[in-house]
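Here's the structure, in structure tokens; my notes come after.
2 protein chains.
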Amino acid sequence: MVSASKARPCLVRRWPRLVLLSLCAPAPPHPAFKINPICHSSPRVHNRGCFDMHRSRHGRSGMAAGKLGILHPGDMGISVAASAKNSGNDIYWVSEGRSAESRARAEEHGLLDAGTLPHLVELCPVIVSVCPPGAAEDVARSVLAQGFRGMYIDANAISPQRAVRIGQMMVDAGATFVDGGIIGGPAWQPNSTWLHLSGEAAQQAADCFAAGPLETNVLGGDIGQASALKMCFGAYTKGTTALLCAVMAAAESLGVRADLEQQWSQNGSDQAAQNARKVRNVTAKAWRFVGEMNEIAATFEDAGVPGEFHAAAAEIYTRIAGFKGASETPALDDVLAALLQDTQNTLVEENEA
Amino acid sequence: MVSASKARPCLVRRWPRLVLLSLCAPAPPHPAFKINPICHSSPRVHNRGCFDMHRSRHGRSGMAAGKLGILHPGDMGISVAASAKNSGNDIYWVSEGRSAESRARAEEHGLLDAGTLPHLVELCPVIVSVCPPGAAEDVARSVLAQGFRGMYIDANAISPQRAVRIGQMMVDAGATFVDGGIIGGPAWQPNSTWLHLSGEAAQQAADCFAAGPLETNVLGGDIGQASALKMCFGAYTKGTTALLCAVMAAAESLGVRADLEQQWSQNGSDQAAQNARKVRNVTAKAWRFVGEMNEIAATFEDAGVPGEFHAAAAEIYTRIAGFKGASETPALDDVLAALLQDTQNTLVEENEA
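If you read the protein sequences in the order shown, they are chains Y and A. Following my numbering, the numbering of the first sequence begins with 9 at its first residue and continues without gaps. Following my numbering, the numbering of the second sequence begins with 9 at its first residue and continues without gaps.
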């Protein structure tokens, strides 16, 4: 692990160094959960789940079997749940208010239905949140409102500031908070998707997924580190794709798309074809990148670098969010039309006014 | 050449379709220059210069030998001048007010010194402008102020709107305007740098560089096309590098740079090393990318896509503009410190206030 930047103090922080949240809970912890700070066994050696492991190792036989609640098992969340299940835990979810599609997904992967959130909170000493970034704080609040005092792992693409806020809320209520950030697509293959974790209980959170295929990586004790890493990584991958969408839409609007594609194809390069694929393929996920781009913009501004890249990226993904659930990958012309739609609408409005 | 986007009308234009500037000059043309619209010979077949070619082909023996003026021969301009010289033209420049470094560069490449701008305008029926984008309009204006009526090739990284404005100014004064955009680094190798040209006289402009190594490409008759292509191409290459600078600076500021580099290095990838090189190497050119980023932002806004990507990129390049002329490539830590400097200064000011 490269450690150059860690060896010296950070150059700048607009907000104080990420708060190391106290884990001294002011309220009694979840009956089935207790933090064990000396548990630092390596991943992939346990196969009976994080709580079974704690029980067998430390003789706390009164502890419940590993029960982990997942909010809410979408494409990514279901793969996170599957790794926790592989690792010996019983995985619960809340069917109340969810779609038939979610129910089918949960059943397919053997998740247990807690029915309602109060029941999930009662059953599970560990809850993992995987949801759209904009919903992260509300989801956390709703869990606390049910009296949750266990370990809450927020694995969402949120700014470090927001992670600190949610963490503080958890600690204030007597729960334990672990900051998480997922890098990669849904985790169905080993060595392809990483759950980075930070906070004092990060290792225990990692142990819940020890059998993979989701990889875990414990970053350190500071809440916000995992979210910061996720923000910076996503900033480049999703930022450059959004920029590419904007470039191709601008070229289309200006009547030079064919010339641009030809320039990209100089010397036998397949960049033009690659770029067209990237723009077409991002449409399926664009709707859920919007919130993440806004979180990244806020993160960058707070870190002292311009947030406009991702403000623009949020706008780009908003314009093509309508391709969510499309039965097939749209044609490039249709994507570019959607990217320019906003202007077209504006022009129509202007003409009508 | 891919022509899909050309075959159908543009989806959107905030400004009217790029003006096809009339070449009916209201004032008499430069005595040594006359447009020959039927001259469409291929590049690389002439070796005596664009004007010699016209004379020998069409028997206009009264025409002067090919004399081309270059404003101003920097690293890129000198290579453009070299290709025009290879193609049989005498190349003039203006030493008045320029640095010793420019003089040395011009002498090394056999440019002839016209001394002053009025003398250059008197001598040369063709003038090529290669300057910082922010200076393009002033340079054009100063040439016209000397009574220029020849062919003016603007090869600068300017928005199509600005190209149209300069072009209109030229035509109004009785000169001929060719819109140009250079893609690639200084043109010392064949097949590496392209001068795209548009406007009715684009082919004649291309003929001035027929012997290379600068490659020319005639796009069409619309002023603004060449600039639009340049803007869209540069938007992606320079935009993604600026974004990378911002990402690494944010990671440094947030204390997760080492973690980000490790994530980039997963599965044996050398992306971390590549990214560090990109950020360090862009510092030498950052100072002259600032104006281009502003032009791209304006181009994008006009084309109906967000301009914020490049507003942010302009800010990034401004912060590292101070590395201009550095004797060696700076260390990554120094680049990141410069990228975060602005914030640091702000913080100091805030603390002092």
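For glycine and all other residues, C-beta sits at the position ideal for the given N, C-alpha and C.
Contact check, residue i vs residue j, beta carbons under 8 Å
i                : j                : result
Trp202 (chain A) : Glu223 (chain A) : yes
Lys75 (chain A)  : Pro126 (chain A) : no
Gly188 (chain Y) : Asp162 (chain Y) : yes
Val151 (chain A) : Tyr160 (chain A) : yes
Ala346 (chain Y) : Gly330 (chain Y) : yes
Gln271 (chain Y) : Phe241 (chain A) : yes
Val102 (chain A) : Val138 (chain A) : no
Leu348 (chain Y) : Arg288 (chain Y) : no
Ser91 (chain Y)  : Gly247 (chain Y) : no
Pro140 (chain Y) : Thr307 (chain Y) : no
Ile166 (chain Y) : Ala148 (chain Y) : no
Ile190 (chain Y) : Cys253 (chain Y) : no
Buried or exposed by the 16-neighbour rule on C-beta atoms within 10 Å, applied to residue i
i                : result
Ser261 (chain A) : buried
Thr245 (chain Y) : exposed
Lys93 (chain Y)  : buried
Arg265 (chain Y) : buried
Gln282 (chain A) : exposed
Pro314 (chain A) : buried
Ser107 (chain Y) : exposed
Ala112 (chain A) : exposed
Asp310 (chain Y) : buried
Gly158 (chain A) : buried
Gly118 (chain A) : exposed
Length of the line joining the Cα atoms of residue i and residue j
i                : j                : result
Ala305 (chain Y) : Gly228 (chain A) : 40 Å
Met239 (chain Y) : Leu251 (chain Y) : 17 Å
Val179 (chain A) : Gly192 (chain A) : 29 Å
Ala181 (chain A) : Phe156 (chain A) : 8 Å
Glu116 (chain A) : Asp98 (chain A)  : 14 Å
Ala243 (chain A) : Gly82 (chain A)  : 22 Å
Glu104 (chain A) : Leu120 (chain A) : 13 Å
Arg170 (chain Y) : Ser206 (chain Y) : 14 Å
Asn199 (chain A) : Gly276 (chain Y) : 12 Å
Met84 (chain A)  : Ala321 (chain A) : 22 Å
His96 (chain Y)  : Cys216 (chain Y) : Note that residue 96 (chain Y) is Gly in the sequence shown here, rather than His. Looking at the two C-alpha atoms, the distance is approximately 8 Å.
Leu268 (chain A) : Gly312 (chain A) : 34 Å
Arg285 (chain A) : Gln211 (chain A) : 39 Å
Ala218 (chain Y) : Ala258 (chain A) : 31 Å
Asn363 (chain Y) : His204 (chain Y) : Lying outside 9 to 361, the shown extent of chain Y, residue 363 (chain Y) is not represented and no answer is given.
Ile43 (chain Y)  : Val136 (chain Y) : Here Ile43 (chain Y) scores only 44 on pLDDT, less than 50, and its place in the model should not be relied on; the value that follows carries that caveat. Cα-Cα distance, rounded: 16 Å.
Ala143 (chain Y) : Glu300 (chain A) : 39 Å
Ile46 (chain Y)  : Ala209 (chain Y) : Model confidence at Ile46 (chain Y) stands at a pLDDT of 32, short of 50, so the residue's coordinates are unreliable; what they give is reported in the following sentence. Those two C-alpha atoms are separated by around 10 Å.
Ser335 (chain Y) : Ser110 (chain Y) : 18 Å
Ala183 (chain Y) : Ile231 (chain Y) : 14 Å
Arg327 (chain A) : His318 (chain Y) : 19 Å
Ala153 (chain A) : Met177 (chain A) : 11 Å
Gly373 (chain Y) : Gln233 (chain A) : Outside the modelled stretch of chain Y, which goes from 9 to 361, sits residue 373 (chain Y), for which no answer is possible.
Asp278 (chain Y) : Val129 (chain A) : 44 Å
Val343 (chain Y) : Ser235 (chain A) : 24 Å
Ile86 (chain A)  : Ala280 (chain A) : 35 Å
Gly77 (chain A)  : Tyr100 (chain A) : 5 Å
Closer than 7 Å: residue i CB and nearest the ligand SAM heavy atom
i                : result
Asp146 (chain Y) : Absent from the structure shown: the ligand SAM. Ligands present: none.
Residue i: contacting residues in chain A (beta-carbon distance under 9 Å)
i                : result
Gln233 (chain Y) : Leu262, Gly263, Val264, Asp267
Leu131 (chain Y) : Here the premise fails: no neighbours, minimum Cβ distance about 34 Å.
Within chain A, partners of residue i - CB distance below 8 Å
i                : result
Leu252 (chain Y) : Tyr244
Neighbour list for residue i in chain A, Cβ cutoff strictly below 7 Å
i                : result
Gly247 (chain Y) : Leu251
Ala257 (chain Y) : Val313
Leu227 (chain Y) : Asp267
Under 7 Å from the C-beta of residue i: neighbouring residues of chain Y
i                : result
Pro364 (chain A) : The displayed coordinates of chain A run from 9 to 361. Any statement about residue 364 (chain A) would go beyond what the structure contains.
Phe2 (chain A)   : Past the edges of chain A, shown from 9 to 361, lies residue 2 (chain A), and the structure says nothing about it.
Asn275 (chain A) : Asn199
Ala281 (chain A) : By Cβ distance, chain Y contributes nothing, its closest Cβ being about 10 Å from Ala281 (chain A), past 7 Å.
Leu347 (chain A) : Val313
Cross-chain neighbours of residue i in chain Y, by beta carbon under 9 Å
i                : result
Leu222 (chain A) : Within chain Y, no residue comes near Leu222 (chain A); the closest Cβ sits about 14 Å away, beyond 9 Å.
Leu237 (chain A) : Ala259, Leu262, Val264, Asp267, Leu268, Gln271
Residues in the segment 288-320 of chain A having any Cβ partner in chain Y nearer than 9 Å: For the segment 288-320 of chain A, the residues whose beta carbon sits under 9 Å from a beta carbon of chain Y are, in order, Ile304, Thr307, Phe308, Asp310, Ala311, Gly312, Val313, Pro314, Gly315, Glu316, Phe317, His318, Ala319, Ala320.
Contacting positions in the segment 321-335 of chain A - beta carbon closer than 7 Å to chain Y: Cβ contacts with chain Y: Glu323, Ile324.
Residues of the segment 186-205 of chain A whose Cβ lies closer than 8 Å to any Cβ of chain Y, in chain order: So the list reads Ile191, Asn199, Trp202, His204, given in the order they occur along the chain.
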